[in-house]
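Protein chains in written order, with our numbering: chain A, 1404 to 1783; chain B, 381 to 676. Since the structure comes first, as structure tokens, the remarks are kept for the end.
Okay, structure coming up:
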């Protein structure tokens, strides 16, 4: 019997030897920490879907220079604590080449140093400027900076002759960062904030807040929050008969929010990447082919409307693929390749990275959009 | 502060108050028959809203709401029959942990079924922007729906508990379960009935408020906390007191926004809850003697 066991073991060993040559090259491990569920799932869910779609697509082509991508997606649920432990796990145990995400600014700031110390590339999908300012060697981000969004809004207000505004924001990291930006640069544009309110991000009705804005006689309102509050404030303002323009943050970039707010969404003005208006862009626009391809692929695969947030993950993965294709699988060389990448056309804009700019986008990556008949259109 | 603004804050307060009260009533019904706080009450509200939104795709709004309420009632009954009915003299702590566990399970199941997106039923009358203008005070028609349906629920509940046999049996159970059993009342069925009833009320509430508040898989927890605060504030087990307490809290919150930054709104409600728990744990309208007899 002993002999039989030995033969069996030998047989197994041979099996593994026959199987293993299929993985001729080691797979490139790419980690992702995304808020797939929880309060920020409107960011993380489309990001995770996008990454999975891209990884499958790249692997179906035969990988990057013959190396397949092994995508490890971790659901942080929007919790910074989970993001920290996942970051450590991905860096120390899985030894990933790069981490895409996290979805929110709060989480990203918590793992910025962990990525830096672990010498692992971090491609954040979150908006806050502090992620790349000051620059950390290994930390990049793909969404447009929130300071650009605030500037764009104020420039638009100047055009419309608006001077007295009300600012309302949710009490989460996103709302807080936006509020600070708006407060900081308002004087530069000659705009006075006469009402400034922070509300609970889970608020179910904001009529009282809207009443306060109405009493302050503002010429326009800027709301900086995520769903559902950004739809609720729109409804409550209109219900109170307020007709002043409502500006929203770039967090409004999902057609679902327009549907949720119904008629109240009409006329909302907000800055966003061009993905939402890809169809109506002129043919000369460099981004148009990239945007249309992503939109088509995503909508065909997941049967839901594309959002700008998934686009941030798209850009992160494409930048990484591009850098690996150029520099191989050495982590340091890939990092250098990203830092020196110029003119990369993504969904968020045209990226020009440098040693001092790890975002690579400028203010014109944002377009001012508005809602007309339940659709996003470019504001004219 | 002019008179229009005053009434505008008042209307906002009444809206908040009614929403809180209707959730609190659901807590009270189950508390009355079982002596436990059902921490899955907020999930009933969420389930009602979510199911109605889904059903509304296939059928007109009233039918969708009816289906949603019935579905949630069945879920309420199943929860009681599967997880609670067979327990022999369970401790209060054990029941609380069971309901907390259930609320997490329902939330996660909803996430799998409906995804993370935010939904809402259409406005029952008018649209999201329509409002009734009464001398410069604007009221959304949906607010009137919420207040109207809540009033109907409260009146119907009072009639049910005062004049119908099952209603009286349920009250007997809450007064003294052993004595009720000796009188031939099937107390176990009464507990099931209380779950069905509070699930139905929660679901109806979820449908009516969803155009205003929206509904997503985790919106139950927030509503449950406010509803719980109101139930405690009024005195656990007393539905009319819950309505009064709901109004009080809603109006206080609304006017607090007038004088203070909005961020302090929840500080007000939690501070009131703590104060009540320290000074009058039986609630504003509850009697001390009755409270001392309760096991929880």
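Glycine residues also receive a C-beta, built at the ideal position from the N, C-alpha and C atoms. On a predicted model such as this, the values are computed, not experimentally measured, just so you know.
Closest Cα partner of residue i within the set the options
| i | options | result |
| --- | --- | --- |
| residue 615(B) | 388(B), 393(B), 408(B), 394(B) | 408(B) |
| residue 1597(A) | 1629(A), 1558(A), 1566(A) | 1566(A) |
| residue 1508(A) | 1520(A), 1745(A), 1542(A), 1591(A) | 1542(A) |
| residue 499(B) | 587(B), 489(B), 605(B) | 587(B) |
| residue 1469(A) | 1767(A), 1724(A), 1754(A) | 1724(A) |
| residue 1526(A) | 1772(A), 1621(A), 1503(A) | 1503(A) |
| residue 1730(A) | 1722(A), 1740(A), 1539(A) | 1740(A) |
| residue 1476(A) | 1484(A), 1458(A), 1466(A), 1667(A) | 1458(A) |
| residue 416(B) | 470(B), 635(B), 382(B) | 470(B) |
| residue 1676(A) | 1695(A), 1700(A), 1714(A), 1703(A) | 1714(A) |
| residue 1373(A) | 1733(A), 1528(A), 1599(A), 1487(A) | Residue numbering for chain A in the displayed model covers 1404 to 1783; residue 1373(A) lies beyond these limits and cannot be assessed. |
| residue 515(B) | 449(B), 497(B), 382(B) | 382(B) |
| residue 1710(A) | 1473(A), 1577(A), 1779(A) | 1779(A) |
| residue 411(B) | 611(B), 386(B), 384(B) | 611(B) |
| residue 485(B) | 420(B), 622(B), 633(B) | 420(B) |
| residue 555(B) | 386(B), 618(B), 491(B), 455(B) | 618(B) |
| residue 509(B) | 1461(A), 1454(A), 1663(A), 1707(A) | 1663(A) |
| residue 480(B) | 432(B), 519(B), 423(B), 451(B) | 423(B) |
| residue 1433(A) | 1698(A), 1466(A), 1448(A) | 1466(A) |
| residue 1494(A) | 1516(A), 1708(A), 1754(A) | 1516(A) |
| residue 651(B) | 623(B), 606(B), 413(B) | 606(B) |
| residue 1602(A) | 1497(A), 1621(A), 1631(A) | 1631(A) |
Cutoff 8 Å: residue i Cβ touching any chain A Cβ
| i | result |
| --- | --- |
| residue 423(B) | no |
| residue 513(B) | yes |
| residue 491(B) | yes |
| residue 675(B) | A caution first: residue 675(B) carries a pLDDT of 47, below 50, which makes its placement in the model too unreliable to give a value. |
| residue 385(B) | yes |
| residue 466(B) | no |
| residue 403(B) | no |
| residue 689(B) | Chain B is shown from 381 up to 676; residue 689(B) falls before or after that span and cannot be answered. |
| residue 407(B) | no |
| residue 399(B) | yes |
| residue 395(B) | yes |
| residue 604(B) | no |
| residue 509(B) | yes |
| residue 442(B) | no |
C-beta neighbour in chain B for residue i, strict 8 Å
| i | result |
| --- | --- |
| residue 1497(A) | no |
| residue 1424(A) | Because residue 1424(A) carries a pLDDT of 41, less than 50, the predicted location of this residue cannot be relied on, and the following value inherits that uncertainty. No, residue 1424(A) lies away from the interface with chain B (no Cβ there is under 8 Å from its Cβ). |
| residue 1659(A) | yes |
| residue 1570(A) | no |
| residue 1635(A) | yes |
| residue 1445(A) | yes |
| residue 1651(A) | no |
| residue 1670(A) | no |
| residue 1585(A) | no |
| residue 1711(A) | no |
| residue 1404(A) | Unreliable placement is indicated for residue 1404(A), whose pLDDT of 46 sits below 50; the coordinate value is still reported in the next sentence. No - not a single Cβ of chain B is within 8 Å of the one on residue 1404(A). |
| residue 1643(A) | yes |
| residue 1440(A) | yes |
| residue 1418(A) | With a pLDDT of 46 at residue 1418(A), under the threshold of 50, the modelled position of this residue cannot be trusted; read the value that follows with caution. Cβ-Cβ to chain B under 8 Å: no for residue 1418(A). |
| residue 1663(A) | yes |
| residue 1574(A) | yes |
| residue 1638(A) | yes |
Proximity test, Cβ basis, 8 Å: residue i and chain C
| i | result |
| --- | --- |
| residue 1666(A) | The question asks about chain C, but that chain is absent: this structure's protein chains are A and B. |
- Message: Count Cβ pairs between the stretch 572–579 of chain B and the stretch 416–433 of chain B that sit closer than 8 Å; are there 3 or more?
- Response: The answer is yes - the stretch 416–433 of chain B touches the stretch 572–579 of chain B, with three or more Cβ pairs under 8 Å.
- Message: With three or more beta-carbon pairs closer than 8 Å as the criterion, would you say the stretch 1639–1659 of chain A touches the stretch 1603–1614 of chain A?
- Response: Taking one beta carbon from each stretch, the stretch 1639–1659 of chain A and the stretch 1603–1614 of chain A have 3 or more pairs nearer than 8 Å; the two touch.
- Between the stretch 525–551 of chain B and chain A, which residues of the former have CB atoms less than 8 Å from a CB of the latter, in chain order? Of all residues in the stretch 525–551 of chain B, none has a C-beta nearer than 8 Å to a C-beta of chain A.
- Query: In the stretch 1589–1607 of chain A, which residues sit with their C-beta less than 9 Å from some C-beta in chain B, listed in chain order?
  - Reply: Listed by position along the chain: 1599, 1600, 1601, 1602, 1603, 1605, 1606, 1607.
- Relative to chain A, which residues along the stretch 643–659 of chain B have a C-beta separation below 7 Å, given in chain order? Those would be 643, 645, 646, in chain order.
- Only counting runs of 3 or more residues, tell me where the beta strand (DSSP E) segments fall wholly within the stretch 1593–1624 of chain A, in order along the chain. For the stretch 1593–1624 of chain A, whole beta strand (DSSP E) runs of length 3 or above, ordered along the chain, are 1595–1602.
- Are the stretch 1527–1536 of chain A and the stretch 1745–1757 of chain A in contact at 8 Å, needing three or more beta carbon pairs? Taking 8 Å as the limit for Cβ pairs, the verdict is that the stretch 1745–1757 of chain A does not touch the stretch 1527–1536 of chain A.
- Task: Check whether the stretch 657–664 of chain B touches the stretch 637–646 of chain B, counting contact only when three or more Cβ pairs, one atom from each stretch, lie closer than 8 Å.
- Result: These segments do not touch.
- Query: Three or more C-beta pairs closer than 8 Å, one from the stretch 541–552 of chain B and one from the stretch 397–404 of chain B: is that the case here?
  - Reply: These segments do not touch.
- Near-chain B residues of the stretch 1675–1704 of chain A (beta-carbon distance less than 9 Å), N- to C-terminal order: Answer set for the stretch 1675–1704 of chain A: empty.
- Message: As an exercise, report each continuous beta strand (DSSP E) stretch of at least 3 residues that is fully enclosed by the stretch 1511–1537 of chain A, in chain order.
- Response: Complete beta strand (DSSP E) runs here, min 3: 1524–1527.
- Task: Note down, in chain order, all residues in the stretch 1610–1633 of chain A with a beta-carbon under 7 Å from any beta-carbon belonging to chain B.
- Result: Cβ contacts with chain B come from 1610, 1611, 1612, 1614, 1615, 1618, 1630, 1631.
- At 3 residues or longer, and completely inside the stretch 578–654 of chain B: list those beta strand (DSSP E) runs for me, N to C. Secondary structure remark: continuous beta strand (DSSP E) runs of at least 3 residues inside the stretch 578–654 of chain B: none found.
- Evaluate the contact criterion for the stretch 588–598 of chain B versus the stretch 554–571 of chain B: three or more CB pairs, one atom per stretch, below 8 Å. Segments in contact, no.
- Message: With a threshold of 8 Å, are at least 3 pairs of Cβ atoms found where one atom belongs to the stretch 390–397 of chain B and the other to the stretch 627–634 of chain B?
- Response: Verdict: yes, contact present.
- Message: Count Cβ pairs between the stretch 1621–1634 of chain A and the stretch 1643–1653 of chain A that sit closer than 8 Å; are there 3 or more?
- Response: Result yes; three or more Cβ-Cβ pairs closer than 8 Å.
- Item | chain A contacts from the stretch 471–503 of chain B (Cβ-Cβ distance under 9 Å) | Residues of the stretch 471–503 of chain B with a C-beta atom less than 9 Å from some C-beta of chain A are 488, 491, 495, 496, 497, 498, 499, 500, 502, 503, listed in chain order.
- Of the residues that make up the stretch 559–590 of chain B, which ones have a beta carbon closer than 8 Å to any beta carbon in chain A? Residues of the stretch 559–590 of chain B with a C-beta atom less than 8 Å from some C-beta of chain A are 589, listed in chain order.
- Query: In chain order, which continuous runs of the beta strand (DSSP E) of length 3 or greater are located wholly inside the stretch 490–523 of chain B?
  - Reply: Counting only runs of 3 or more, we get 512–514, 517–519.
- Query: Going along the chain, which residues of the stretch 1449–1472 of chain A sit with their C-beta nearer than 9 Å to a C-beta in chain B?
  - Reply: Against chain B - using a Cβ distance shorter than 9 Å - the stretch 1449–1472 of chain A contributes no residues.
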